[in-house]
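Here the sequence shown stands for residues 34 to 390, where the numbers follow this note's numbering. All C-beta atoms in this analysis are idealised placements derived from N, C-alpha and C, irrespective of residue type, glycine included. Here the structure comes first, spelled out in structure tokens, and everything after it is commentary.
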Amino acid sequence: MPILESALEEAELLHEDTQAIPEETRAKISEILSREPGLAEQFFEFVTECEPPEIDAIAVTAGPGLEPALWVGINFAKALALLWGKPLVAVNHMEGHILAALARVEASSTKHEESNKSQTEKLEVKNVEMPVLALLISGGHTELVLMKEWLQYELVGATRDDAVGEAFDKVARMLGLPYPGGPEISRLAEVVRQGAPLAAKGAPWQKFALPRPMIDSGTCDFSFAGLKTAVLYLLKNKLPMNGRPSKDRDISKADKKAIAHEFENAVAEVLWKKTSQALRETGAQTLVLGGGVSANTHIRRVFQEKMASEFPDSSLRIPASSLTTDNAIMIALAGYYRARREEFAPDTVASGNLSLA
Numbered sequence: 034m035p036i037l038e039s040a041l042e043e044a045e046l047l048h049e050d051t052q053a054i055p056e057e058t059r060a061k062i063s064e065i066l067s068r069e070p071g072l073a074e075q076f077f078e079f080v081t082e083c084e085p086p087e088i089d090a091i092a093v094t095a096g097p098g099l100e101p102a103l104w105v106g107i108n109f110a111k112a113l114a115l116l117w118g119k120p121l122v123a124v125n126h127m128e129g130h131i132l133a134a135l136a137r138v139e140a141s142s143t144k145h146e147e148s149n150k151s152q153t154e155k156l157e158v159k160n161v162e163m164p165v166l167a168l169l170i171s172g173g174h175t176e177l178v179l180m181k182e183w184l185q186y187e188l189v190g191a192t193r194d195d196a197v198g199e200a201f202d203k204v205a206r207m208l209g210l211p212y213p214g215g216p217e218i219s220r221l222a223e224v225v226r227q228g229a230p231l232a233a234k235g236a237p238w239q240k241f242a243l244p245r246p247m248i249d250s251g252t253c254d255f256s257f258a259g260l261k262t263a264v265l266y267l268l269k270n271k272l273p274m275n276g277r278p279s280k281d282r283d284i285s286k287a288d289k290k291a292i293a294h295e296f297e298n299a300v301a302e303v304l305w306k307k308t309s310q311a312l313r314e315t316g317a318q319t320l321v322l323g324g325g326v327s328a329n330t331h332i333r334r335v336f337q338e339k340m341a342s343e344f345p346d347s348s349l350r351i352p353a354s355s356l357t358t359d360n361a362i363m364i365a366l367a368g369y370y371r372a373r374r375e376e377f378a379p380d381t382v383a384s385g386n387l388s389l390a
């Protein structure tokens with residue numbers, strides 16, 4: 034699938050002449066876009082300055098996510114499909130995360146490496162050994178999904194409460210770190226791993242112990258609410274400051290780093306334990322990491338090391354960091370493979386809880 038660099042090369046798409054839109058078509062488009070105030074005006078301004086691209090279909094995210102936001106994209110895509118005479122493809126954005134990790138420009142030189150980080154002329158999913166197990170970790174999702182057959186999914190495990198990305202953000206708020214919390218926790222944790230002294234005079238780091246929720250449950254399900262609560266009680270009970278509640282007191286920089294380190298270690302250990310169990314139970318030949326939390330440096334490192342030592346005959350696919358968060362490339366990629374199967378959906382609706390399986 035070709036990728037148009039630099040956000041579709043806007044300079045090449047701008048056109049001096051306006052595109053004439055028949056009144057009947059304009060009326061239909063206005064009706065489609067009537068849900069969101071001002072969207073029709075933005076649409077007509079966009080299309081009158083944009084030459085129709087050479088495409089075969091239009092892909093749009095149908096879910097999961099916040100439905101009001103999903104509807105904006107869906108209705109805009111429906112209007113484009115009507116104007117340009119192209120079929121519409123509904124995409125589950127979690128499938129986009131999986132395919133973004135599987136996609137390659139050329140075969141990798143080693144089995145345990147990241148995707149090509151530079152933008153390229155063509156992006157394809159190839160040389161994938163089935164079955165594929167995907168660990169999808171983000172602010173709204175923590176789930177293990179098995180793909181036995183191409184684009185057919187089975188849920189293997191999922192969080193029973195908080196998603197892992199949500200836990201990162203909540204713990205970061207407890208520590209007084211800026212949003213988004215995940216990168217900040219990772220940054221502080223790396224300081225400890227690099228062996229930097231706690232303070233002047235090389236004082237040792239204070240060590241904290243946090244639980245590894247459900248790590249020995251025997252299932253492939255997750256739970257992160259208890260880990261988040263453990264951090265809360267740690268701050269209240271083990272770091273008292275004049276009896277003030279944790280939200281009103283300062284936490285030392287050293288303690289923030291030590292807690293971030295232990296929290297990130299706990300998350301990585303749980304994620305790997307559940308994933309390795311799923312790999313053994315399913316016999317998956319390829320493991321995929323996807324979602325915003327898959328950008329976490331420590332989690333990537335743990336999975337690369339563990340896969341190489343415990344599953345040397347299996348492949349690990351991790352997307353480039355730029356493709357871990359929600360992005361248009363992964364939606365286009367998923368749309369491309371769905372369009373090849375002629376799975377078009379002109380009546381696409383938003384589905385906030387859309388699932389893969």
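Rounded C-alpha distance that separates Gly100 from Ser384: Correcting the residue identity first, residue 100 is Glu in this sequence and not Gly. Answer to the nearest angstrom: the Cα atoms are 6 Å apart.
Residues of its chain near Ile131, where Cβ-Cβ distance is below 6 Å and the 5 sequence neighbours each way are ignored: Ala167, Val321, Gly323
Span separating the alpha-carbon of Gly198 from that of Leu179: 21 Å
Close-in-space but distant-in-sequence residues of the same chain around Arg245 (CB under 6 Å, 5 per side omitted): Ala299, Glu302, Val303
Close beta carbons around Thr192, own chain, < 6 Å, minus the five adjacent residues each side: Only residues of its own chain outside the window of five on either side were considered, and among them Thr175, Phe255 have a CB closer than 6 Å to the CB of Thr192, listed in chain order.
Local Cβ density within 10 Å of Gly129, reported as buried at 16 or more and exposed below that: Of the other Cβ atoms in all chains shown, 16 or more fall within 10 Å of the Cβ of Gly129; this residue is therefore buried.
Where Arg373 sits in the DSSP three-state scheme: Looking at Arg373 - three-state DSSP - the assignment turns out to be helix.
Burial state of Glu375 (16 or more Cβ within 10 Å): Around the C-beta of Glu375, fewer than 16 other C-beta atoms lie within 10 Å, and the residue is accordingly described as exposed.
Other residues of its chain near Leu177: CB distance less than 6 Å, five sequence neighbours each side excluded: Leu168, Val189, Gly190, Cys253, Ala311
Exposure of Asp380, with buried meaning 16 or more beta-carbon neighbours within 10 Å: Counting of Cβ neighbours within 10 angstroms places Asp380 among the exposed residues, the total staying below 16.
At least three beta-carbon pairs within less than 8 Å, the stretch 101–119 to the stretch 340–351: no
Thr175 - containing alpha helix (DSSP H), residue span: Per DSSP, Thr175 belongs to no alpha helix (DSSP H); it is in the beta strand (DSSP E), 175–182.
Proximity of Gly103 and Leu366 at Cβ, strictly below 8 Å: The residue you asked about is not Gly; residue 103 is Leu in the sequence shown. For Leu103 and Leu366, no; Cβs fall outside 8 Å.
Proximity of Thr94 and Glu223 at Cβ, strictly below 8 Å: no
In DSSP terms, what Phe344 is bridged to: In DSSP, Phe344 forms no bridge with anything.
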